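**Student:** Number 154 marks the last residue of the sequence shown (full-length UniProt numbering); no jumps.
From the three backbone atoms N, C-alpha and C, an ideal C-beta is built for every residue, glycine too.
Since we're looking at a predicted model, the values are computed, not measured.
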Amino acid sequence: DDRLCWQEISEALVKLGHKTPREQIELWIWEVDDDLDNMVGWDEFLTMYQRCISDHTGNEPRNLFNLVQFLMYDKDFQCKISVEQTLQILFVRHGRGELDAEIAEIFGDQKNGPDGQELKITFSQFLSRANARLTDMRWKKKEVSKAQISTRRK
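Structure (structure tokens):
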């Protein structure tokens, strides 16, 4: 089957330790479901992904995107991600100039976990930080350039 239904998304979320109500998952699907079949097809998936990576306003629905992003980082499906696991994708998407800022957005300033090992975060932690970042993006005051208006007649 080449479509994602709410049950498949729910299974992934349960494995990630982030049990989510069916209604909420159905909302995630509805946000990207252009043909209204209550599933996410490949074209809808690609459109959702491309819109979210291009969106700098925070206005694109990101619920499903956040799950997809986490799963892309967690290639081995360990249900946690580390800075090391995110580096390649972040570097390709943001370049060297923004890499450190992106890592700080995802992981915060803490480099190591309580055990002294490299910090790893769960999907719930990732989602919490992603949603906080999204709120900041949406409320950030956008600068509007002021046009020069001349009142002198020529």
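Under three-state DSSP, which class holds Lys120?
**Tutor:** As a working mapping, residue 120 is identified with position 120 in the sequence shown. The answer is strand: DSSP assigns Lys120 an E or B state.
**Student:** Just curious, the alpha helix (DSSP H) that Lys140 is in, first and last residue?
**Tutor:** Here residue 140 corresponds to residue number 140 of the sequence shown, with the count starting at 1. No alpha helix (DSSP H) contains Lys140, which DSSP labels as neither H nor E.
**Student:** Using DSSP with H/G/I as helix, E/B as strand and the rest coil, what is Asn112?
**Tutor:** Position 112 of the sequence shown, counted from the first residue, corresponds to residue 112. If DSSP states are grouped into helix, strand and coil, Asn112 belongs with the strands.
**Student:** With a cut-off of 8 angstroms on the beta carbons, I'd call Glu23 and Asn63 a contact; round off their distance for me.
**Tutor:** Start at 1 with the first residue of the sequence shown, and residue 23 comes out as number 23. Start at 1 with the first residue of the sequence shown, and residue 63 comes out as number 63. Not really, about 12 angstroms apart at Cβ, beyond 8 angstroms.
**Student:** Using alpha carbons as the reference points, say which of Gly116, Leu119, Val40 and Phe65 lies closest to Glu8.
**Tutor:** Reading the sequence shown from its first residue, position 8 is the one you call residue 8. With distances taken between Cα atoms, Glu8 lies closest to Val40.
**Student:** Please report the distance separating the alpha-carbon of Met137 from that of Lys120.
**Tutor:** The residue you call residue 137 lines up with position 137 of the sequence shown. The residue you call residue 120 lines up with position 120 of the sequence shown. Spanning the two alpha carbons is a distance of roughly 25 angstroms.
**Student:** Does residue 177 come out as helix, strand or coil in the three-state DSSP assignment?
**Tutor:** The question about residue 177 has no answer here: the residues shown for the chain are numbered 1 through 154.
**Student:** Do the segment 57-71 and the segment 9-29 touch if we need at least three Cβ pairs shorter than 8 angstroms?
**Tutor:** The segment 57-71, when compared against the segment 9-29, does touch it at the 8 angstroms Cβ threshold.
**Student:** Among Asp37, Arg51, Leu127 and Gly17, whose alpha-carbon lies nearest the alpha-carbon of Cys5?
**Tutor:** Counting from 1 along the sequence shown, the entry for residue 5 is found at position 5. Of Asp37, Arg51, Leu127 and Gly17, the residue nearest in Cα terms is Asp37.
**Student:** Please return the same chain residues whose Cβ sits closer than 7 angstroms to the Cβ of Lys111, not counting the five positions on each side in sequence.
**Tutor:** Taking the first residue of the sequence shown as position 1, residue 111 is located at position 111. If we look at Lys111 and ignore the five residues flanking it on each side, its Cβ neighbours are Leu119.
**Student:** Reducing DSSP to helix, strand and coil, say where Leu16 ends up.
**Tutor:** By one-based count along the sequence shown, residue 16 stands at place 16. Note: Leu16 maps to coil in three-state DSSP.
**Student:** When DSSP labels each residue in this structure, what does Arg62 get in the three-state scheme?
**Tutor:** Position 62 of the sequence shown holds residue 62. It is coil, neither helix nor strand.
**Student:** What first and last residue would you give for the alpha helix (DSSP H) that runs through Cys52?
**Tutor:** What you label residue 52 is simply residue 52 of the sequence shown in a count that begins at 1. Taken as a continuous stretch (DSSP letters only), the alpha helix (DSSP H) holding Cys52 covers Trp42 to Ser54.
**Student:** Whole angstroms are fine: how far does the CA of Tyr49 sit from the CA of Ala132?
**Tutor:** Counting from one through the sequence shown, the residue named residue 132 turns up at place 132. Counting from one through the sequence shown, the residue named residue 49 turns up at place 49. Roughly 20 angstroms separates the two Cα atoms.
**Student:** For the alpha helix (DSSP H) that contains Leu27, what are its first and last residues?
**Tutor:** Counting from 1 along the sequence shown, the entry for residue 27 is found at position 27. Arg22 to Val32 is the span of the alpha helix (DSSP H), which, as asked, contains Leu27.
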